[in-house]
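Student: So that we are looking at the same thing, I have put the structure below in structure tokens.
Protein chains: 2
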Amino acid sequence: MDEQAEMPDIAVRSPSTEQEAVFRRLRSAIMTGNLAPETTLTIRGLADLMACSPTPVREAVRRLSTESAIEVLGNRRMRVPAMTLAKFEEIFSLRVTIESHAAVRVLPYVSDVIIEGLERIDTRMDEALVTDDQLGLTVLNHDFHRAVYMTNPHQAAMPMIESIWLQLGPFQRQILQSGLEFYVIDRHKEILRALRDRDPGALAVAIEADIRDGIYRSGRQYLLDRAKLSSPSQVPYGP
Amino acid sequence: MDEQAEMPDIAVRSPSTEQEAVFRRLRSAIMTGNLAPETTLTIRGLADLMACSPTPVREAVRRLSTESAIEVLGNRRMRVPAMTLAKFEEIFSLRVTIESHAAVRVLPYVSDVIIEGLERIDTRMDEALVTDDQLGLTVLNHDFHRAVYMTNPHQAAMPMIESIWLQLGPFQRQILQSGLEFYVIDRHKEILRALRDRDPGALAVAIEADIRDGIYRSGRQYLLDRAKLSSPSQVPYGP
DNA sequence: TTTTGTGACGTATGATCACAATTTGCCTAG
DNA sequence: CTAGGCAAATTGTGATCATACGTCACAAAA
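Residue numbers (our numbering), protein chains in the order written: chain L, 473 to 711; chain S, 473 to 711.
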């Protein structure tokens with residue numbers, strides 16, 4: 473009867489609610505590695521920290537728990553999940569699979585404007601690289617990949633990709649703190665070339681290389697070392 | 473208008489929290505197609521329905537919104553998302569990719585006991601097929617696939633796969649209601665054979681066939697028909 | 001007849017309260 | 001000095017209250 477007038481509300485609604493703000497802050501903190509693995513969280517503590525009542529925090533934390541960004545233990549406690557070697561390998565193989573899939577599906581929508589935007593991000597990454605700005609590098613890398621995948625207007629995999637980034641965030645910090653350097657080899661140029669050429673094969677290869685050359689190598693090394701020297705169940709590290 | 477089963481999955485175990493129960497019921501209702509697309513939901517309405525205060529409902533609804541199972545509109549309204557042809561294709565190709573990935577990663581952990589358990593589920597599916605029990609068929613199909621993927625103890629893709637099922641649930645009901653029959657061709661036998669043979673190639677093929685022979689065909693047909701009689705040569709979709 | 005302003009009503013939201021469960025610290029007994 | 005248990009503090013959970021915002025209906029003016 474009246475369902476045809478779809479009325480696309482293009483108006484961008486401000487995420488003005490407190491709960492949304494808390495959610496964003498917490499999520500961003502986890503994804504950029506501001507919270508270490510195995511950090512225990514309390515709703516009241518976070519509420520104090522963010523100067524609001526427990527209610528918005530509670531809901532934000534729940535949302536993050538469904539994304540596997542926060543682990544809710546049976547005994548009513550929650551914490552940032554720990555990382556194991558097996559889980560790490562599993563997550564990275566999944567990441568390669570999903571991101572390659574999302575990337576290839578972008579090709580029909582690639583345009584000069586799109587590529588131009590990506591190049592702009594890549595330029596900023598080069599700047600962050602020379603100033604050794606690790607945080608900026610992480611954020612920009614996410615921005616770059618997100619911009620690629622979101623080029624597909626019907627994109628369905630983005631929430632899952634973000635969920636993976638979220639699960640990797642805390643561990644990334646752990647590696648950095650452990651003193652392990654990881655070399656950032658810029659595969660973005662290859663991604664851009666594959667996009668320009670509309671070459672799905674080359675694109676998948678470039679995406680996989682970019683992911684595997686990132687924290688994957690040093691992360692794997694870190695977990696192997698830890699497994700080796702942890703004959704007694706030792707606390708991984710303490711901030 | 474919804475709860476017709478007493479949560480068959482989580483029968484007596486874990487009386488846990490009210491919020492968890494509400495979450496499970498809502499989630500199950502959506503996944504099995506008890507809620508039609510574009511159904512608008514109100515927190516208070518659901519609270520009345522489940523005989524509890526708005527608080528647990530609010531949190532459950534938020535969790536579901538992060539899984540794209542419920543769409544939160546800017547104007548403080550929420551509803552079950554609508555389905556479009558483009559979104560449908562996107563979701564299904566993603567589903568094939570992720571489920572194939574998860575299935576292949578199961579092979580190192582396959583054992584006779586595992587296969588036996590899967591055969592048991594498959595037998596029950598055959599029974600549901602002859603009695604034309606659509607709901608049972610849907611639930612058992614999910615159980616089967618879940619059992620396959622969860623064979624990998626370090627499984628990381630399951631939450632994402634469930635999220636996809638969740639997004640497909642409401643639309644599945646829409647197809648059934650429209651009178652379109654969909655033929656269920658039993659590809660589970662082929663999946664089982666590939667598992668027994670530890671054949672990754674055959675397994676991926678079987679998984680893809682199982683998914684594409686399910687509601688995919690009739691769902692696609694339904695959306696094509698709807699698009700045809702809706703607007704002959706208008707702009708396909710808004711952004 | 002159409003458009004616009006104003007009011008009432010309903011709803012989400014966040015704070016606060018009361019309660020239950022769990023953890024932590026301390027004290028006592030062995 | 002260690003193990004066990006009791007008590008207080010801490011924390012999550014659900015209900016309720018106050019408030020802000022959106023929606024709808026009705027009326028008045030163009």
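A virtual CB, placed ideally from N, CA and C, is assigned to each residue, including glycine. A quick note: this is a predicted structure, and the numbers were derived from the prediction, not measured.
1. What's the C-alpha gap between A493 of chain S and R596 of chain L?
2. Quick check: what's the CA-CA separation for I570 of chain L versus I683 of chain L?
3. For I570 of chain L and chain S, any beta-carbon pair shorter than 9 Å?
4. Inspect the beta-carbon positions of V552 of chain L and E561 of chain L and report whether they are closer than 9 Å.
5. Would you call G505 of chain L buried or exposed, if buried means 16 or more other Cβ atoms sit within 10 Å of its Cβ?
6. On the three-state DSSP scale, how would you describe V544 of chain L?
7. So with Cβ pairs under 9 Å, would you call A558 of chain S a contact of chain L?
8. Per DSSP, M550 of chain S forms a beta bridge with which residues?
9. Am I right that V576 of chain L and A676 of chain L are in contact with their C-beta atoms under 8 Å? What's the rounded C-beta distance?
10. So the alpha helix (DSSP H) V578 of chain S belongs to, where does it begin and stop?
11. Just by C-beta distance, which residues in the region 514-544 of chain L are closer than 9 Å to chain S?
12. Whose C-alpha, out of S:L652, S:P642, S:L521, S:F616, is nearest the C-alpha of E588 of chain S?
13. Report yes if the CB atom of A558 of chain S is closer than 9 Å to the CB atom of H626 of chain L, and no otherwise.
14. What's the C-alpha gap between D520 of chain L and P580 of chain S?
15. Which residues in the same chain have their Cβ closer than 8 Å to the Cβ of K661 of chain S, if we skip the five residues on either side of it in sequence?
16. Taking C-beta pairs closer than 9 Å, name the residues in chain L that P631 of chain S reaches, listed in chain order.
17. Rounded to a whole number of angstroms, what is the C-alpha to C-alpha distance between N613 of chain S and P631 of chain S?
18. By Cβ distance, which residues of its chain are closer than 6 Å to V582 of chain L, with the 5 residues on each side in sequence left out?
19. Thinking just about the alpha-carbon of each residue, which of L:L536, L:S540, L:E490 is nearest to the one in T527 of chain L?
20. Which residues of the region 640-663 of chain L have a Cβ closer than 7 Å to any Cβ of chain S? Give them in chain order.
21. In the DSSP assignment, find the alpha helix (DSSP H) that holds Y688 of chain L and state where it starts and stops.
22. What do you reckon, are the CB atoms on A619 of chain L and L590 of chain L nearer than 9 Å?
23. Which residues in chain L have a C-beta closer than 7 Å to the C-beta of L566 of chain S? List them in chain order.
24. Does chain L have any CB closer than 9 Å to the CB of I502 of chain S?
25. Need the endpoints of the alpha helix (DSSP H) that E626 of chain S sits in, please.
26. Would P625 of chain L pass as an interface residue toward chain S - the criterion being a Cβ-Cβ separation below 9 Å?
27. Are the Cβ atoms of T687 of chain S and Q644 of chain S separated by less than 9 Å?
28. If you draw a straight line from the C-alpha of R692 of chain L to the C-alpha of G546 of chain L, how long is it?
Tutor: Taking the geometry as given:
1. Reading the second sequence from its first residue, position 21 is the one you call residue 493 of chain S. Reading the first sequence from its first residue, position 124 is the one you call residue 596 of chain L. Using only the alpha carbons, I get a separation of about 47 Å.
2. Reading the first sequence from its first residue, position 98 is the one you call residue 570 of chain L. Reading the first sequence from its first residue, position 211 is the one you call residue 683 of chain L. Cα to Cα, I570 of chain L sits roughly 11 Å from I683 of chain L.
3. What you label residue 570 of chain L is simply residue 98 of the first sequence in a count that begins at 1. Judged by the 9 Å Cβ criterion, I570 of chain L is in contact with chain S.
4. Locating residue 552 of chain L in the first sequence gives position 80, counting from the first residue. Locating residue 561 of chain L in the first sequence gives position 89, counting from the first residue. With contacts defined by Cβ atoms closer than 9 Å, V552 of chain L and E561 of chain L do not form a contacting pair.
5. Taking the first sequence and counting its residues from 1, one reaches residue 505 of chain L at position 33. Its Cβ being crowded by 16 or more others within 10 Å, G505 of chain L is buried.
6. Looking up residue 544 of chain L in the first sequence gives position 72. In the structure shown, the three-state DSSP call for V544 of chain L is strand.
7. In the second sequence, counting from the first residue as 1, residue 558 of chain S sits at position 86. Interface residue, yes.
8. If you number the second sequence from 1, residue 550 of chain S lands on position 78. Checking the DSSP bridge columns, you'll see M550 of chain S partnered with S:L513, S:V544.
9. Within the first sequence, residue 576 of chain L is the residue found at index 104, counting from 1. Within the first sequence, residue 676 of chain L is the residue found at index 204, counting from 1. Yes, V576 of chain L and A676 of chain L are in contact; Cβ-Cβ is about 6 Å, under 8 Å.
10. Position 106 of the second sequence holds residue 578 of chain S. Per DSSP, V578 of chain S belongs to no alpha helix (DSSP H) and is neither H nor E.
11. Flagged, chain order: T527, R530, E531, A532, R534, R535, L536, S537, T538, E539, S540.
12. If you number the second sequence from 1, residue 588 of chain S lands on position 116. Comparing Cα-Cα distances from E588 of chain S to each of S:L652, S:P642, S:L521, S:F616, the minimum goes to S:F616.
13. Position 86 of the second sequence, counting from 1, holds the residue named residue 558 of chain S. Position 154 of the first sequence, counting from 1, holds the residue named residue 626 of chain L. Contact flag set, yes.
14. If you number the first sequence from 1, residue 520 of chain L lands on position 48. If you number the second sequence from 1, residue 580 of chain S lands on position 108. Across the structure, D520 of chain L and P580 of chain S are spaced so that their CA atoms are roughly 47 Å apart.
15. Position 189 of the second sequence, counted from the first residue, corresponds to residue 661 of chain S. D594.
16. Taking the first residue of the second sequence as 1, we reach residue 631 of chain S at position 159. Those within 9 Å of P631 of chain S in chain L are T538, E539, S540, M632, S635.
17. The sequence position of residue 613 of chain S within the second sequence is 141, counting from 1. The sequence position of residue 631 of chain S within the second sequence is 159, counting from 1. The alpha-carbon of N613 of chain S is positioned some 16 Å away from that of P631 of chain S.
18. Within the first sequence, residue 582 of chain L is the residue found at index 110, counting from 1. Same-chain partners within the cutoff: L667.
19. Numbered from its first residue, the first sequence carries residue 527 of chain L at position 55. Of the listed residues, the one whose Cα sits closest to T527 of chain L is L:E490.
20. Result list empty, no residue passes.
21. Within the first sequence, numbered from 1, the residue matching residue 688 of chain L stands at position 216. Run containing Y688 of chain L: none; DSSP gives neither H nor E here.
22. Against the first sequence, residue 619 of chain L aligns to sequence position 147. Against the first sequence, residue 590 of chain L aligns to sequence position 118. The answer is yes: Cβ separation under 9 Å.
23. Taking the second sequence and counting its residues from 1, one reaches residue 566 of chain S at position 94. Here the neighbours are H573, A628, A629.
24. As a first step, residue 502 of chain S must be located in the second sequence, where it is residue number 30. No, no contact with chain L.
25. Here residue 626 of chain S corresponds to residue number 154 of the second sequence, with the count starting at 1. Note on identity: in this sequence residue 626 of chain S is His, with Glu being the wrong assignment. Here H626 of chain S belongs to no alpha helix (DSSP H), and DSSP marks it neither H nor E.
26. As a working mapping, residue 625 of chain L is identified with position 153 in the first sequence. Yes, because at least one Cβ of chain S sits closer than 9 Å to the Cβ of P625 of chain L.
27. As a working note, residue 687 of chain S is residue 215 in the second sequence. As a working note, residue 644 of chain S is residue 172 in the second sequence. In the sequence on display, residue 687 of chain S carries Ile and not Thr. Inclusion of I687 of chain S and Q644 of chain S in the CB contact set at 9 Å is warranted, their separation being smaller than that value.
28. For this step, residue 692 of chain L is matched to residue 220 along the first sequence. For this step, residue 546 of chain L is matched to residue 74 along the first sequence. The alpha-carbon atoms of R692 of chain L and G546 of chain L are separated by roughly 29 Å.
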